[in-house]
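The structure appears right after this line, and notes come after that.
2 protein chains.
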Amino acid sequence: MTTPTPSRALDHPPRDAIRLEGVLHALSDPMRLRIVRSLAAAEEELSCSLFDLPVSKSTTTHHFRVLRESGVINQCYRGTAKLNGLRRDDLDALFPGLLDSLLRAAALQADRLREG
Amino acid sequence: MTTPTPSRALDHPPRDAIRLEGVLHALSDPMRLRIVRSLAAAEEELSCSLFDLPVSKSTTTHHFRVLRESGVINQCYRGTAKLNGLRRDDLDALFPGLLDSLLRAAALQADRLREG
DNA sequence: CCCGTACTACGATGCCTATCGTACGAGCTG
DNA sequence: CAGCTCGTACGATAGGCATCGTAGTACGGG
């Protein structure tokens, strides 16, 4: 093979097709916001199975797809695993500072709700 | 009367009840994002009737209610008019820098899409 | 007191979506 | 090959939501 291990291809929207409304919609779901926070905390790509979400596997797959199709994350197969990473470069280029503000807001709210 | 012109009361979530997910959901709709951008541009409160949205009046009412109930705007009656204003103080206190990042992102995207 | 303006309430409709379970495919590992 | 793990596809379901039209309420002005 000429290609390393691309296996099945996954459709990602090009940078120009990413829409703010779509990104906000993707992040307005608690599960997806949680996923994105974990991805931002980890400095490497994470496989879907590392996330222990309180929903079924089907639903988890659904949420990752929404995040990919809205342009928030990129996904690639690596063997049987599927690696997920934030599209930081694209998001920062389109919406400078937004991702960091969102992550900071999410962290502040998590602290606030945890401590009361 | 002791009160100026409160007329009918409108329920607003207190600052502590505002949730990031709710704010993002509210802003993920193109009509509502448009409303919020207009409110941010105007330095005063605007009545609903000043917005010329491509939807019916019923739908406009619906969008303003979603914005109010998510904590993004405050509304008060003034005669027959209903004045709308961003809850900047509350949002900035809860999520520092987020509102400005969102407005900037929306402006950049609007420019990008307009000029192509 | 009547009318016009501004907004609302309500019901209907059609679409979107979060969730699940089950059955399946793709790739490693023995 | 056999079996395991990871993730997908599909169908079902229930609830949410953006939209509309119509009918109605609240308020200010003549």
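In order, the protein sequences belong to chains A and B. In my numbering, each residue carries its 1-based index in the first sequence increased by 290. In my numbering, each residue carries its 1-based index in the second sequence increased by 290. Heads up, the beta-carbon is just placed ideally off N, CA and C, and yes, glycines get one too. Please read all numbers here as calculations on a predicted model, not as lab measurements.
Rounding to the nearest angstrom, what Cα-Cα distance links residue i and residue j in this structure?
{"i": "Arg322 of chain A", "j": "Val345 of chain A", "result": "12 Å"}
{"i": "Val326 of chain A", "j": "Asp380 of chain A", "result": "15 Å"}
{"i": "Leu340 of chain A", "j": "Cys366 of chain A", "result": "15 Å"}
{"i": "Thr350 of chain B", "j": "Ala383 of chain B", "result": "28 Å"}
{"i": "Arg404 of chain A", "j": "Pro386 of chain A", "result": "29 Å"}
{"i": "His302 of chain B", "j": "Thr370 of chain A", "result": "49 Å"}
{"i": "His352 of chain B", "j": "Asn364 of chain B", "result": "14 Å"}
{"i": "Asp401 of chain B", "j": "Arg378 of chain B", "result": "24 Å"}
{"i": "Arg355 of chain B", "j": "Gln399 of chain B", "result": "25 Å"}
{"i": "Pro304 of chain A", "j": "Val362 of chain A", "result": "11 Å"}
Under 7 Å between C-beta atoms, does residue i make it to chain A?
{"i": "Phe354 of chain B", "result": "no"}
{"i": "Ser328 of chain B", "result": "no"}
{"i": "Leu315 of chain B", "result": "Per the sequence presented here, residue 315 of chain B reads as His, with Leu not at that position. Interface residue, yes."}
Give a yes or no on whether 7 Å exceeds the smallest Cβ distance from residue i to chain B.
{"i": "Gln365 of chain A", "result": "no"}
{"i": "Met291 of chain A", "result": "The predicted model places Met291 of chain A with a pLDDT of 37, which falls under 50 and marks its position as unreliable; any figure quoted below should be read in that light. It does not: the Cβ of Met291 of chain A has no partner Cβ on chain B nearer than 7 Å."}
{"i": "Pro320 of chain A", "result": "yes"}
Any heavy atom of the ligand FMN closer than 6 Å to the Cβ of residue i?
{"i": "Glu359 of chain B", "result": "Only the bare structure without any ligand can be found here, which leaves the ligand FMN out of the picture."}
Are the Cβ atoms of residue i and residue j separated by less than 7 Å?
{"i": "Ser318 of chain B", "j": "Glu311 of chain A", "result": "yes"}
{"i": "Leu329 of chain A", "j": "Ala395 of chain B", "result": "no"}
{"i": "Gly375 of chain B", "j": "Glu333 of chain B", "result": "no"}
{"i": "Ala316 of chain B", "j": "Leu373 of chain B", "result": "no"}
{"i": "Leu343 of chain B", "j": "Leu314 of chain A", "result": "no"}
{"i": "Ser408 of chain B", "j": "Ser391 of chain A", "result": "Nothing about residue 408 of chain B can be read from this structure; chain B reaches only from 291 to 406."}
Run down chain B in chain order and give the residues with a C-beta less than 9 Å from the C-beta of residue i.
{"i": "Leu388 of chain A", "result": "Leu388, Ser391, Leu392, Arg394, Ala395"}
Along chain A, which residues have their Cβ under 9 Å away from the Cβ of residue i?
{"i": "Phe341 of chain B", "result": "Within 9 Å Cβ-Cβ: nothing; Phe341 of chain B doesn't reach chain A, min ~18 Å."}
So residue i contacts chain B; which residues on that side make the cut at Cβ distance below 7 Å?
{"i": "Leu323 of chain A", "result": "Glu311"}
Q. What alpha helix (DSSP H) runs, 4 residues minimum, are completely inside the stretch 317-404 of chain A?
A. 320-331, 347-359, 378-384
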